[in-house]
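With our numbering applied, the sequence shown closes on residue 759, and no number is skipped along the way. Beta carbons: idealized from backbone N, C-alpha and C, even for Gly. As the structure is a prediction and not an experimental result, all values here were calculated from the model.
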Amino acid sequence: MSRTLIVTGGASGIGAGIVGAALAEGWRVAVFDLPGPGLDDAKERLRDEKVVCLGVNVTEEAAVVAAVDEVEQTLGPIAGVVNSAGIGRNTPIFETTADQFRDILNINVVGSFLVAREAARAMQGRGGAIVNITSVSGVQGSEGRVAYGSSKGAVNTMTRIMAVELAPEGLRVNAVAPGPVDTPMAQKWHGEAERRLWCSSIPMRRYGAVSEIVSATLFLLDDEKAGYVTGQTLSVDGGFTIAGLMNGSED
Ligand SMILES: NC(=O)c1ccc[n+]([C@@H]2O[C@H](COP(=O)([O-])OP(=O)(O)OC[C@H]3O[C@@H](n4cnc5c(N)ncnc54)[C@H](O)[C@@H]3O)[C@@H](O)[C@H]2O)c1
509 MSRTLIVTGG ASGIGAGIVG AALAEGWRVA VFDLPGPGLD DAKERLRDEK VVCLGVNVTE
569 EAAVVAAVDE VEQTLGPIAG VVNSAGIGRN TPIFETTADQ FRDILNINVV GSFLVAREAA
629 RAMQGRGGAI VNITSVSGVQ GSEGRVAYGS SKGAVNTMTR IMAVELAPEG LRVNAVAPGP
689 VDTPMAQKWH GEAERRLWCS SIPMRRYGAV SEIVSATLFL LDDEKAGYVT GQTLSVDGGF
749 TIAGLMNGSE D
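Given below as structure tokens:
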């Protein structure tokens, strides 16, 4: 099998989990992440002819165009994309500045759009799948997520629009919306009180594992298993987004 997958944010957390699992499934993998120690570690870890690790800021249009072209030249035809690069913030409305809001929209929405658009241009007419990693914060109105939640809600809408417009090209576009997952991002933003709050609001009373987000993503990438699924946002969240009254959530 010679299918190439681009994973943005593939040097850390959920993206890194997807890279490892995709390689085990036989994909060739291109990691797009910011230049720096995280990407250097990934290069060291992933010494394999089936992998390229590129220093790409997904918000920079020319860099994304060049990187997608380089991937097609070095690894062969792109057949899948996972947009996992993202940043989060938990900031009340009155403390959220325009710069913070723009920064989050730029990386989470514009960055995902640029990579999806360029990969779709390459995959046009020959088939492929795009999966955007969004968040339950893009579905529910949680406090402190005015910028982050808005960005993920935008990605969910973008997923539906791209699914419709790209279906005639043989491309499927879906999203995975994780609940809280123990990654460097969650470790940075979730203190003890926040972790208790999450667990009391989740019917399954726990954080998700990276492997649980990875398997949902690989399912949506798979044309045999998910060949008739497009435009969907699959919540992988222990029931957080469907929950109503729960016994014990006052503990
Ligand atoms: N961890 C969670 O609890 C959680 C929950 C819901 C959704 N998510 C989403 O999952 C995705 C992955 O999150 P994670 O927890 O693995 O975070 P992470 O911080 O471990 O990984 C994110 C990666 O994205 C990269 N990145 C950031 N800005 C970039 C840019 N401009 N260009 C290229 N790469 C960039 C970072 O360098 C990092 O390697 C994010 O989109 C996040 O919003 C995470």
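Measuring straight from C-alpha to C-alpha, what distance separates residue i and residue j?
i    : j    : result
P692 : R625 : 28 Å
A751 : L705 : 14 Å
K696 : A519 : 16 Å
A575 : L562 : 7 Å
G584 : V572 : 17 Å
V647 : A683 : 12 Å
D730 : T642 : 19 Å
T738 : R680 : 5 Å
Q581 : G588 : 15 Å
F540 : A606 : 27 Å
Y715 : N755 : 19 Å
V515 : P711 : 30 Å
G633 : A627 : 12 Å
How is the alpha helix (DSSP H) around residue i delimited, first residue to last?
i    : result
I669 : V654 to L674
G517 : Neither: G517 is in no alpha helix (DSSP H) and is coded neither H nor E.
F621 : S620 to M631
A530 : G521 to A532
G544 : Element bounds for G544: n/a, residue is neither H nor E.
CB-CB under 6 Å to residue i, same chain, minus the five flanking residues each way: which ones, in chain order?
i    : result
F727 : K733 and A734
G635 : G678
Taking residue i as the reference, which of the options has the closest Cα?
i    : options                   : result
N591 : L513, L753, L674 and R553 : L513
D611 : I641, E568 and A628       : E568
E533 : G652, T725 and Q632       : T725
M666 : T741, V539 and D577       : T741
K660 : R555, G594 and E578       : G594
E720 : V744, S708 and E702       : V744
V718 : R703, P688 and Y736       : P688
F609 : C707, L674, R653 and D577 : R653
A671 : V644, I638 and G746       : I638
A524 : A630, D690, D577 and L622 : D690
M631 : L753, T604 and L674       : L674
T749 : R703, E702, A685 and Y736 : A685
P676 : R629, N664 and I522       : R629
Going along the chain, which residues of its own chain have a beta-carbon closer than 8 Å to the beta-carbon of residue i, five neighbours each way excluded?
i    : result
E700 : none
R536 : S510, R511, T512, L513, K558, V559, L583 and G584
Can you tell me where the beta strand (DSSP E) with residue i in it begins and where it stops?
i    : result
P686 : L679 to P686
F540 : R536 to D541
I641 : G636 to I641
T725 : No beta strand (DSSP E) contains T725, which is instead part of the alpha helix (DSSP H) from V718 to L729.
S743 : T741 to V744
A587 : I586 to N591
V644 : Unbroken run through V644: none, as it is neither H nor E.
In its own chain, which residues sit with a C-beta less than 7 Å from the C-beta of residue i, not counting the 5 before and 5 after it?
i    : result
N565 : L542 and A571
G596 : Y656, M693 and W697
Give me the Cβ distance between residue i and residue j, rounded to the nearest whole Å; I'm assuming they're in contact under 8 Å.
i    : j    : result
T599 : A655 : 7 Å
A529 : V722 : 5 Å
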